[in-house]
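With the numbering used here as the guide, the letters of the sequence shown map in order to residues 179 to 470.
Think of the CB as a built atom: it goes at the ideal place given N, C-alpha and C, for glycine as much as any other residue.
Keep in mind the model is a prediction, meaning the values are calculated, not measured.
What follows is a short report on a single structure.
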Amino acid sequence: MMNEDPYDEIANLSMSRGSKQMESVMEITQALLDQLSQMQASMAEKGDAERAEKIGDLLRKLQRRKADFTFCGHFSAGKSSLINRLCGASILPSSPIPTSANVVLIENGDEDVVVEQAGVGEKHVTLAELDEACRDGLEIRRVHIRYPVPFLQEAARLLDTPGVDSTDDLHRKATEDALHMADAIFYVMDYNHVLSEMNFHYIRKLAEFGKPLYLIVNQIDKHRAEELSFASFRSRVYEALEDWRLAPQAVFFISVKKPDDPNNEWDLLIKLIERLIAESNTMLTGGVLQAA
Numbered sequence: 179m180m181n182e183d184p185y186d187e188i189a190n191l192s193m194s195r196g197s198k199q200m201e202s203v204m205e206i207t208q209a210l211l212d213q214l215s216q217m218q219a220s221m222a223e224k225g226d227a228e229r230a231e232k233i234g235d236l237l238r239k240l241q242r243r244k245a246d247f248t249f250c251g252h253f254s255a256g257k258s259s260l261i262n263r264l265c266g267a268s269i270l271p272s273s274p275i276p277t278s279a280n281v282v283l284i285e286n287g288d289e290d291v292v293v294e295q296a297g298v299g300e301k302h303v304t305l306a307e308l309d310e311a312c313r314d315g316l317e318i319r320r321v322h323i324r325y326p327v328p329f330l331q332e333a334a335r336l337l338d339t340p341g342v343d344s345t346d347d348l349h350r351k352a353t354e355d356a357l358h359m360a361d362a363i364f365y366v367m368d369y370n371h372v373l374s375e376m377n378f379h380y381i382r383k384l385a386e387f388g389k390p391l392y393l394i395v396n397q398i399d400k401h402r403a404e405e406l407s408f409a410s411f412r413s414r415v416y417e418a419l420e421d422w423r424l425a426p427q428a429v430f431f432i433s434v435k436k437p438d439d440p441n442n443e444w445d446l447l448i449k450l451i452e453r454l455i456a457e458s459n460t461m462l463t464g465g466v467l468q469a470a
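What follows is the structure, encoded as structure tokens:
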């Protein structure tokens, strides 16, 4: 860890205004780039290839100047459908097949899909071929999708990770690596399982990464008001989080399937992501400081 509380230094920039603030961010970023380059060279010289590669990822992240919003959750939680709606297009197949067997990166741009194969390199496929390409978790390291997603601008990327309930060690490692690089984490939960002990254990694990953590309770269209008022259900969720001493940045209750659900907080989720995108420069530098 390079700083006990890396966000303090970045947060202090909010006291500045306009170009002065931007200059301060860029100065900190350049100093960080220099320090990471020295660390990478040192790790490579010592033969620590794994650590050198992770530092290289951080260097590329800073040079790219795009914040990473990482989505994780169970296969049944509707994570891919949620990301598709955010993108305004069916980019990720929503079938039970673990399409996100490896990390899938989505950013704004002209349509292009690149599949990175371990030990082989990159190959270009079409969106129609993506489902088949993502089935083989042993060979595919990551998928990089460029697609017109205007709200991401040139400031952020979405990362779709393997299901957290996967029994595959490669899937778990892919998810943990993506969380290490994340600037904000969104944990997507199925309405029916939101109060499960397993969920709370995983939320606690996510909190240990020290990144801004947001919880999304999806599929609230499954709620039956005749059995329990939605207000009571919501209160139970918050009470359980308090009992587990968990304090996420926010909790959103949404339905991708039924947008007109009266309890749907989709618009609030969109407003949050837009705010994070607007703050992406500050968030990105703080995130790299946290991960280094």
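According to DSSP, which residues form a beta bridge with Met367?
Val395.
Quick check on DSSP: helix, strand or coil for Asn459?
It is helical.
I need the straight-line Cα distance from Cys250 to Phe329, nearest angstrom please.
Between Cys250 and Phe329, the C-alpha separation is close to 21 Å.
What's the call for Ala209, buried or exposed, on a 16-neighbour Cβ count within 10 Å?
Exposed, because fewer than 16 other Cβ atoms sit within 10 Å of the Cβ of Ala209.
If you pair each beta-carbon of the stretch 448-458 with each one of the stretch 404-416, do three or more pairs fall below 8 Å?
No: fewer than three Cβ pairs fall under 8 Å.
Could you check whether the stretch 431-447 touches the stretch 212-231, counting it as contact only if at least three pairs of C-beta atoms, one from each stretch, sit closer than 8 Å?
Result no; under three Cβ-Cβ pairs closer than 8 Å.
Does the contact criterion of 3 or more C-beta pairs under 8 Å hold for the stretch 297-305 versus the stretch 231-246?
Contact between the stretch 297-305 and the stretch 231-246 is absent, because fewer than three Cβ pairs lie under 8 Å.
Count the other CB atoms, across all protein chains shown, that sit within 10 Å of the CB of Asp438; report buried if there are 16 or more and exposed otherwise.
Asp438 comes out exposed.
What is the DSSP secondary structure of Gly234, reduced to helix, strand or coil?
Residue state, collapsed to three classes: helix.
State buried or exposed for Lys383, treating a residue as buried only when at least 16 other CB atoms are found within 10 Å of its CB.
Exposed is the call here.
Could you check if Ala131 is buried or exposed, using at least 16 other CB atoms within 10 Å of its CB as the buried criterion?
Absent from the structure is residue 131, since the part of the chain shown begins at 179 and ends at 470.
Please classify Ser258 as buried or exposed, where buried requires at least 16 other C-beta atoms within 10 Å of its C-beta.
Classification for Ser258: buried.
Hey, which unbroken runs of the beta strand (DSSP E) at 3 residues or more fall wholly within the stretch 278-344?
Runs of the beta strand (DSSP E) inside the stretch 278-344: 281-286, 290-295, 299-303, 318-325 and 334-338.
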